[in-house]
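2 protein chains.
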Amino acid sequence: MTAGSGRVTQAQVARLAGVSQAVVSMVLNGSDSLRITPETRDRVQQVLRETGYTVDIMGRRLRGGTNQILGVFTYESVFPSGVADFYRPFLLGIEEEAEAQGFDLLLFTSGGRRDGRRRIYEAGTNRLRIADGSILLGRHNDPQELAQLVEEQFPFVFVGRRESPTGPISYVGADYVAATREVHERLWDLGHRRIGLLSVTEENEPTLDRRSGYEAAARKRRRPPLVFLEEDPAIALRQVLDEGVTALLVESSAMADGILACAHDLGLKVPEDLSIVVLGDADPSQQPQVHAVPSTATDWSMFRIPRHEMGGHAVRVLVGLLKNPEPRQLLLPCTIHEGATTAKPSTTDSR
Amino acid sequence: MTAGSGRVTQAQVARLAGVSQAVVSMVLNGSDSLRITPETRDRVQQVLRETGYTVDIMGRRLRGGTNQILGVFTYESVFPSGVADFYRPFLLGIEEEAEAQGFDLLLFTSGGRRDGRRRIYEAGTNRLRIADGSILLGRHNDPQELAQLVEEQFPFVFVGRRESPTGPISYVGADYVAATREVHERLWDLGHRRIGLLSVTEENEPTLDRRSGYEAAARKRRRPPLVFLEEDPAIALRQVLDEGVTALLVESSAMADGILACAHDLGLKVPEDLSIVVLGDADPSQQPQVHAVPSTATDWSMFRIPRHEMGGHAVRVLVGLLKNPEPRQLLLPCTIHEGATTAKPSTTDSR
DNA sequence: CCCGCGTAGTAATTCGAATTATCAGCGGCG
DNA sequence: CGCCGCTGATAATTCGAATTACTACGCGGG
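So the sequence lines, in the order shown, correspond to chains A and B. Heads up: the first sequence runs through residues 51 to 401, numbered per the numbering used here. Heads up: the second sequence runs through residues 51 to 401, numbered per the numbering used here.
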């Protein structure tokens, strides 16, 4: 009686047009248009227009139909307030492609939060089902929820590579492996022979990918991998220098900032004495709240994650999934930004 | 067959537990708990746990008549790429409040465009009706579409004051009248006696509000209104100075930039020789694509539009509208930013 | 004359959950 | 014995749309 009273149903339209509800449905869907007299169809369409009828997505979906609605589930807020906005490029790509494909977007904001995070299954219900399929994004993820989604055979695509022990899941990710390998190759071509990787202990997919790309590149050049896991930049830099490293790959620009500062303290110049490459864009969610980009920001050598394209491709993969529920995985190439923190090594160390 | 084949229903649970579907529903909802034997309830709950049953939100909402979805319709793209992002604060407020009120958000991106703009009525039907109600935002608007929405008695709230000849419509706007009056008062208190308004010819609601606020303030001080409509900043400044104006209210920061440049050319200092106040935030959609804010940006004296709050209040008004379809109008106060472009007048001109 | 067949619909069913009406069984009392 | 009232559960209905099964009607050919 709240919103439902104003809502016109097919049955009401049918009564006004003097036909049965089934006819209204047929007129709407154009199915078996041969079976309906042009006069009847016109009469029904007239009433449809007068009443401003629109389908009830719940009824249609209950029956197994589709709504031309794609869900967008984020574990964090969709519209963040920070200037360095991690999600926006993804969402822009998603919106553009959804518009191109003729889908509306449903943002799942209704659920309560637990531990400050949103959940797909809240109070025993899967809210995603309102949409025909859903795009998931966010750094966090809940393996249990993912597993249940897979079991329900609900069509969804993750933005960013995700693996689930339950079975293959669809995703559109960035090819960190290839990008890291490429970075290693470029440094090698510049003459570097001791190329290190400063990684983090947290073992999520992107980190693992970067490491495997690094290790593959090192193996190709028959060099032992030089992986450092130290969190303190000063100690890390000491370790790196002790190993004779001339070029360092760093996971985050925050860590790179730390290394750079310590290097300056030691009287080292970047890139003359040490080349540094950041493996990816700045991820603001891992950094403290920096609202204003410092004007002296370093022009890091790095690679860019194709966020915009990832969003668009995620929509395309999801739409494909609706027709053919065969899981699909897609990795998009990162573009390498030359930057100002790489150069030829000053000392030719070929231990 | 695509989605949902893996789902467990209440009926299946009931069969496994050897009871009827109604009992399962009762156990789940705890209703009439007195009517169910503890043993039966335990048995059902056991099966519920084993099968991993989750409520299908569709069936539940189908009965309820409401689907807990609020539409968000924008005439332009929701996720713009520019840094100066006009919509984001609104959307952030909308998202937060929707989450608090337990609604999902449906972004209408599917509609085809005409003249590069989205439309509410496509193919004769109102797609907004999919949601329980809808929030509209965007600088453009289509009076005809608005009129039809009113006639359909569809619950909607406009962000920004909008009037329709058809009847009262709900909106949440910023109180430009009061803010402009307040600006005028402050300048008066500083000693200014010739306070001008540089307006634009386009007559939308915000412009009219600013003008009426200005005129009310001038009337209160028994001063003739000094309204300028010249678009060329050089000519406008000449007119302004010819009238002996010592403080100028300007509609947009773009225009203010032009005036400032011309004033400098004439050897005038701001604010010493001329105080300037911008009536509102910078509206990036009226400016050329400026991706990087110039570091020499002027600290304009101006007032800020409470975008975030407007979004949140729009959701609250809309939710209220669902219960009681009585149109509601709400104006939120702007906050005045002192800035660096106002000062006491150098010449005491009291013509 | 009646069967067959096409036409233009209508009646009935389905989806999943919630709710209402109903029913079976049992104890107690007149 | 029969009936009331209570308990604990089940059958039936509802929501809106889509689809299948069915029917009423008309026309033509055998």
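Where is the CB? At the ideal position from N, CA and C, for every residue including glycine. All values reported here derive from a predicted model rather than from experimental measurement.
Quiz item: In chain B, what lies closer than 9 Å to A148 (chain A) by C-beta?
Solution: L157, T159, S160
Self-check item: Rounded straight-line distance, which links the Cα of F208 (chain A) to that of S262 (chain A)
Solution: 21 Å
Exercise. Would you identify the three-state DSSP class for A72 (chain A), choosing helix, strand or coil?
Key: helix
Quiz item: When the Cα atoms are used, what is the spatial distance from A311 (chain B) to R231 (chain B)?
Solution: Straight-line Cα distance between these residues: approximately 26 Å.
Quiz item: Which same chain residues, not among the five before or five after L178 (chain B), have their C-beta less than 8 Å away from its C-beta?
Solution: G121, F123, F158, I170, S184, L199, F204, F206
Quiz item: Looking at the structure shown, is Q118 (chain B) part of a helix, part of a strand, or coil, going by DSSP?
Solution: coil
Quiz item: Looking at C-beta atoms only, is the number of pairs between the segment 95-108 of chain A and the segment 98-117 of chain B that lie closer than 8 Å three or more?
Solution: yes
Quiz item: Taking one C-beta from the segment 374-394 of chain A and one from the segment 208-219 of chain A each time, how about it: are there three or more such pairs within less than 8 Å?
Solution: yes
Quiz prompt | Unbroken stretches of the beta strand (DSSP E), 3 residues or longer, contained in the segment 180-226 of chain A | solution = Whole beta strand (DSSP E) segments, 3+ residues: 183-187, 206-209, 220-224.
Self-check item: Simplified DSSP assignment, three categories, for Q339 (chain B)
Solution: Any reading at Q339 (chain B) must be qualified, since the residue scores a pLDDT of 36, below 50, and its modelled position is unreliable; the value itself is stated next. Q339 (chain B): coil per DSSP, three-state reduction.
Quiz item: Sorted by chain position, which residues of the same chain lie with C-beta nearer than 8 Å to M51 (chain B)'s C-beta, five sequence neighbours on each side aside?
Solution: Low confidence applies to M51 (chain B): its pLDDT is 32, below 50, so where it sits in the model is not reliable, and the reading given next is rough at best. Excluding positions up to five away in sequence, the list is empty.
Quiz item: Where does Y264 (chain A) sit, in a helix, a strand or coil, going by DSSP?
Solution: helix
Self-check item: As assigned by DSSP and simplified to three states, the class of V58 (chain B)
Solution: Coil at V58 (chain B), not helix or strand.
Quiz item: Relative to the C-alpha of Q151 (chain B), which residue among B:G188, B:R366, B:R211 is closest?
Solution: Selected option, being the one with the closest Cα: B:R366.
Practice problem: Could you tell me which uninterrupted beta strand (DSSP E) segments, each at least 3 residues in length, are contained entirely in the segment 230-277 of chain A, listed from first to last along the chain? | Solution: 245-248
Quiz item: Under a CB-based cut-off of 7 Å, is G152 (chain B) close to chain A?
Solution: yes
Exercise. Can you have a look at N79 (chain A) and say buried or exposed, based on whether 16 or more other CB atoms are within 10 angstroms of its CB?
Key: exposed
Practice problem: Spell out whether any CB of chain B is found under 7 Å from the CB atom of T104 (chain A). | Solution: yes
Quiz item: What is the DSSP secondary structure of D106 (chain A), counted as helix, strand or coil?
Solution: coil
Quiz item: Roughly how many angstroms lie between the CA atoms of A268 (chain A) and G389 (chain A), to the nearest whole one?
Solution: 22 Å
Quiz item: Could one say the Cβ of L120 (chain A) lies closer than 7 Å to chain B's Cβ atoms, at least one of them?
Solution: no
Self-check item: Cβ neighbours of N117 (chain B) in the same chain (closer than 7 Å, five flanking residues each side left out)
Solution: R111, D182
Quiz item: At a Cβ threshold of 7 Å, is G109 (chain A) touching chain B?
Solution: yes
Quiz item: In whole angstroms, what is the alpha-carbon distance linking Q289 (chain A) and I386 (chain A)?
Solution: 27 Å
Quiz item: Which two residues bound the contiguous beta strand (DSSP E) that contains V328 (chain A)?
Solution: 325-328
Quiz item: Whose CA, out of A:E301, A:G102, A:L287, A:E89, lies closest to the CA of V63 (chain A)?
Solution: A:G102
Quiz item: Under three-state DSSP, which class holds L318 (chain A)?
Solution: In the three-state DSSP reduction, L318 (chain A) falls in the coil class, being neither helix nor strand.
Quiz item: If you draw a straight line from the alpha carbon of D323 (chain B) to that of Y226 (chain B), how long is it in whole angstroms?
Solution: 26 Å
Quiz item: Residues of chain A with CB under 9 Å from N117 (chain B), in chain order?
Solution: A53, D106, I107, M108, I180
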